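J.: Plus 978 on top of the position in the first sequence (first one is 1) and you've got our numbering. Virtual Cβ for every residue (Gly too), placed ideally from N, Cα, C. Remember, predicted model here, so these are calculated numbers, not experimental data.
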Amino acid sequence: MSDPLYPFSDIEQSVQDRWESLKSFKVQRDDTRPKYYCLEMFPYPSGRIHMGHVRNYSIGDAIARYKRMRGFNVLHPMGWDSFGLPAENAAVVRGVHPADWTESNIAHMKVQLKKLGLSYDWDREVTTCLPEYYRWNQWFFLKLLEKGLAYRKEALLNWCDSCATVLANEQVEEGLCWRCSNPVTLRTLSQWFLKITEYADDLMQGLSSLEGWPERVRTMQANWIAPSTGTEIDFSLDIPDSANLPARTLTVFTTRPDTLYGVTFVTIAPEHPLLPLILEHSPEKDRAEAFIEATLKARTQRENREEPEKEGVFSGISLKHPLTGQDVPLWIGNFVVASYGTGVVMGVPAHDQRDFDFAKKYRLPVRVVVLPQGTDPNAALTGALTDDGLLVDSGTFSGLSGDEARERITRHLEKCGTGRARKTFRLRDWGISRQRYWGTPIPVVHCDHCGIVPVPAKDLPVLLPRDIHFTGHGGSPLAEHPDFRATPCPSCGRIARRETDTMDTFIDSSWYFLRFAGIEDASGDRPFSPESLSYWLPVDQYIGGVEHAILHLLYARFFTRVLFDLGLSPVQEPFQSLLTQGMVLKDGSKMSKSRGNVVDPDLLVEEYGADTVRLFTLFSAPPDKDLSWDDKAVEGAYRFLGRLASRIQAVLEEYPGAPSVDGSQWMADLTHEGSAVRTKIHETIQRVTQDFESHAQLNTAVARLMELLNTLSNYQNNEDKDRPDFREHLLTTGYRALLLLLAPFAPHLSEHLGEKLGLAEIGSRPWPVPDERALVRTLIPFVIQVNGKLRSTISLAPDTSEAMVADEAGKDERVVRALSGQTIVKTVFVPGKILNFVVRPTP
RNA sequence: GCGAGAGUGGCGAAAUGGCAGACGCACCAGACUUAGGAUCUGGCGGGUAACCCCCGUGCGGGUUCAAGUCCCGCCUCUCGCACCA
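#1: Straight-line CA distance for Q1351 to G1380?
#2: Quick check on DSSP: helix, strand or coil for T1197?
#3: CA-CA distance, A1266 and I1310?
#4: Thinking just about the alpha-carbon of each residue, which of N1067, N1677, H1086 and L1515 is nearest to the one in F1542?
#5: Quick check: the region 1760-1779 against the region 1804-1815, are at least 3 beta-carbon pairs closer than 8 Å?
#6: State the Cα-Cα distance for the pair P1634 and P1076, rounded to the nearest angstrom.
#7: Which residues bound the alpha helix (DSSP H) around L1342?
#8: Taking only runs of the beta strand (DSSP E) that begin and end inside the region 1532-1581, which ones reach a length of at least 3 residues, in chain order?
#9: Among the residues of its own chain, which have a CB less than 8 Å from the CB of R1625, if the five just before and after it don't count?
#10: Using the beta-carbon count (16 or more within 10 Å), is I1211 buried or exposed?
#11: Quick check on V1655: does DSSP put it in helix, strand or coil?
#12: Contact between the region 1589-1608 and the region 1057-1068 is defined here as three or more beta-carbon pairs at a separation below 8 Å; is this criterion met?
#13: At what residues does the beta strand (DSSP E) containing L983 begin and finish?
#14: Can N1115 and M1481 be called in contact, C-beta distance under 7 Å?
#15: What do you get for N1222, buried or exposed, if any count of 16 or more other CB atoms within 10 angstroms of its CB means buried?
#16: Is F1553 near the ligand FAD, with its Cβ less than 6 Å from a heavy atom?
#17: When you compare only the Cα positions, how much space is there between A1200 and A1178?
#18: What number of angstroms, rounded off, separates the C-alpha of L1301 from the C-alpha of Y1239?
#19: Have a look at V1440, A1457 and H1424 and flag the residue whose alpha-carbon is nearest the alpha-carbon of R1414.
#20: Helix, strand or coil for H954, going by three-state DSSP, please let me know.
#21: If distances are taken between C-alpha atoms only, which option among D988, F1118 and K1093 comes closest to A1435?
#22: Beta-carbon separation of G933 and T1396 under 7 Å?
#23: Can you name the start and end residues of the alpha helix (DSSP H) that V1680 belongs to?
#24: Pop quiz: R1472 and C1425 are said to be a contact at Cβ under 8 Å. What is the actual Cβ separation, rounded to whole angstroms?
#25: With distances taken from CA atoms, which of K1603, I1041, R1573 and G1736 is nearest L1630?
#26: Is T1353 near P1235, with beta carbons less than 7 Å apart?
#27: With which residues is P1455 paired in a DSSP beta bridge?
#28: Excluding the five sequence neighbours on either side, which residues of its own chain have a C-beta within less than 6 Å of the C-beta of V1524, listed in chain order?
#29: For L1768, count the other beta carbons within 10 Å of its own beta carbon; 16 or more makes it buried, fewer makes it exposed. Which is it?
#30: What are the residues that DSSP puts in a beta bridge with K1401?
#31: In the structure shown, what three-state DSSP assignment does Y1633 receive?
#32: Note the first and the last residue of the continuous alpha helix (DSSP H) segment covering M1782.
#33: Judging by CA-CA distance, which residue of H1259, V1089, E1671 and Q1304 is the nearest neighbour of S1555?
#34: Within the continuous beta strand (DSSP E) that includes D1305, where are the two ends?
#35: Let me check one thing: in DSSP terms, what residues is M1182 bridge-paired to?
#36: Could you tell me how far apart the beta carbons of T1209 and A1399 are, in whole angstroms, since I believe they sit closer than 8 Å?
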């Protein structure tokens, strides 16, 4: 390695030491000052910081530092999302205790983050695997239980054999476990759920208020919640003795009640919980059960995304149509899923393509009851008529249009008690039970006498025991832990069984942003102080990867709304503005260990310094786009900083004791060249500020800083071209402005050089403001066009009149040539900008 | 299939409807050097002898004095959801 362009290593170390000893980034609530809450998604302590983290935190730190210089009281915290599976895997593979593994990872990563010079208030550090944090998970759980928002149910759940745990729908990707990519199977288990569906409407409607969120993320959430308005319709079961059934009806959900008279069959999902009970009455029981078994097996083994052929079997049971009273056969179909709607669908082959295909295959009757405009009622059907139209053969509803029919039929069913308007969602309730060790124990006890008994709040936290053994065969070691498992019932005192499942770690990250803000006067009996929360919340700017667009952000929104309703959160929406940063790519694909294309931030910091690494990641692409890593381009950022250091060194040598001039003084009689430099300085201030204020266009902000350095350098090189006092004034004020603007991006070097130019503690100095007088240019280039094509540019005063510009243009050789033989039809003049001659050939 | 976003030099990328390619990388030439993979200076979309001129922002139309930008119709890619009743 060659000699460094500047001693970044010493500079960064000493600047960081000073921040540390001055506690430069510690903040307190201060009602007299405006606040700004800048938050980056906290990391999972996997062992090492990767470039994705570096990018995420460089963006956040630039914004935090900028806002600080703008006078805001900036909350910028960091912590650790430290419960989760990798710690357990490490325990199995390396024989380390998850707690030790996690703790040492945190220690190492904290050093790495500090080396990057990120301006966090470390006094607010939050570590989710510590009892002081997870006790509140348990406390919230009890509140939710009390409110009926946490409940237990038997459910057919996604199960990963390899991880030996249940997965939420959100954690299944293309039929595979999101963590280990094993095929997911289905299992019936009794599990804890949170009623996120109760908030589905609110979460959906809240999206429209999130103007600071990317459209993309809002759409993804909307698609995930996916509301659908329709009607539930009861079909009664034609079974003489149905004592084993909870009800004598099966309910379907449809968005097309107008096609109700066209129902010729009903299809139920093979995994529907009522189906085994119904089949008790069926002469076709054996065939049906064989079909169910085959279908469920095929479903979990489906590895490609392709939809399987639609298949079904007659259940042997009939239903009664709620309006016509006719017999309707009940089929079991592989295309119906129990988790959506009611898990039962009415079959209308004439008006639904899927039902049409199904009816064709199994020779079921087709009844046309809607005629879309232009349909020939006598033509043979070649496919379903899915458009709206007028109803036919629909009893008293015949002749109605789609919208009207839907409403009238639904109202009629409601009156008869056999149907109701209903809004359903794709969103499912959030299953939070995990059969894992490294998570928050769910604070309930199972008592043979009292049932499920919550652990009283005063007994929290339920501590996660440390002395456990990992078998390596999956399953939770908690279930094998005798002292943890056996516990007296809080209600009757008899020996009972403690819940051994732990909570999904997404719970931890659903409220940590509240903890950061509220920790400053939190006490033992509440997770955060209301005063602090109402001062700091909401998060003004949240920054993180788009991979959290659905899971984490939806859960966090849900949790915040629940806490709002409990009077614990001052806001309903936690994140005012969201920035989803792009991925860091190398050689065209995402950096990952398995691809072997990772760049180690530590090595980069060692070779170029933290400032360079940060500057490059911010400069190379807009924050929300993917960033292609380029080792060579990193050197570009490095050279820029090195050149800046040497240029400022040269200024200090030329003017020892600088700055001797008062930078704020207005120099009235600058030379033309000097005036252009001054304009550039103030334009840069203005535009960098705009770049921050608009949508964090940090890449162009850096580019403008490079431009300013180029301008100042050129001016500096022409030593004899200007008066010495002008030179000193422009160079010192120019470089001072440049350093102030650079401080959010390369804070160490800015601090170091700033001190030499009379700007010690640069990060807490006010952000520069452009001088309006300097922004007024004496000469600007007028663009002269002929028929919209550029022919020349002429430098003139901004307020030059059209006639004067035309006059000057007439003296320009290129313009004259373009106009010769042409007749000017008209001219378009934009003051201070453009003159366009519209011409046509002279006849 | 539904939804969102994107397509500009060799590369990363800039451009309130008004000079396309700022800034940087790579590359080329020169300076300084025993040396240069350091640094500095200059050049750098294509055609061309040319600083004239012509062409050029995925494709085809349109609006406009003027379109990368606005409108209509396509193509391609990326991402999300997907048997959703």
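T.: With the given structure in hand:
#1: Cα-Cα distance, rounded: 11 Å.
#2: Here T1197 sits in helix by DSSP.
#3: Here the C-alpha atom of A1266 lies approximately 8 Å from the C-alpha atom of I1310.
#4: The candidate whose alpha carbon is nearest that of F1542 is L1515.
#5: Three or more Cβ pairs closer than 8 Å define a contact, and the region 1804-1815 meets that threshold against the region 1760-1779.
#6: Rounded to the nearest whole angstrom, the C-alpha separation of P1634 and P1076 is 58 Å.
#7: Unbroken run through L1342: none, as it is neither H nor E.
#8: The qualifying runs are 1556-1559 and 1562-1564.
#9: Exclusion of the five residues before and after R1625 leaves L1687, L1690, S1691, Q1694 and Y1713 as the residues of its chain whose Cβ lies within less than 8 Å of its Cβ.
#10: With 16 or more Cβ atoms within 10 Å of its Cβ, I1211 is classed as buried.
#11: Here V1655 carries a helix assignment [DSSP, helix/strand/coil].
#12: Contact between the region 1589-1608 and the region 1057-1068 is absent, with fewer than three C-beta pairs closer than 8 Å.
#13: No beta strand (DSSP E) holds L983; DSSP gives it neither H nor E.
#14: Yes. Within cutoff.
#15: N1222 should be labelled exposed.
#16: Judged by which ligands are present, the structure shown has none, so any question about the ligand FAD falls away.
#17: If you take the alpha carbons of A1200 and A1178, they lie about 10 Å apart.
#18: About 8 Å.
#19: In terms of Cα proximity to R1414, the closest of V1440, A1457 and H1424 is A1457.
#20: Any answer about residue 954 is impossible in this case: the structure gives the chain only from 979 up to 1821.
#21: Its Cα nearest to that of A1435, the residue F1118 stands out among D988, F1118 and K1093.
#22: Only positions 979 to 1821 of the chain appear in the structure, and residue 933 is not among them; the question remains open.
#23: Looking at the DSSP string, the run of the alpha helix (DSSP H) that includes V1680 is L1676 to N1695.
#24: So it is a contact: roughly 7 Å between Cβ atoms.
#25: When K1603, I1041, R1573 and G1736 are compared, the shortest CA-CA separation from L1630 is found for G1736.
#26: No.
#27: BP columns for P1455 are empty, so no partner.
#28: Counting only Cβ-Cβ distances below 6 Å, and skipping sequence neighbours, we find T1558.
#29: Exposed, because fewer than 16 other Cβ atoms sit within 10 Å of the Cβ of L1768.
#30: Paired residue(s): T1207.
#31: In the structure shown, Y1633 sits in coil (DSSP, three-state: anything other than H, G, I, E or B).
#32: Residues E1780 to A1787.
#33: Comparing Cα positions, the closest option is E1671.
#34: Start and end: D1305 to G1311.
#35: Beta-bridge pairing links M1182 to no other residue.
#36: So it is a contact: roughly 6 Å between Cβ atoms.
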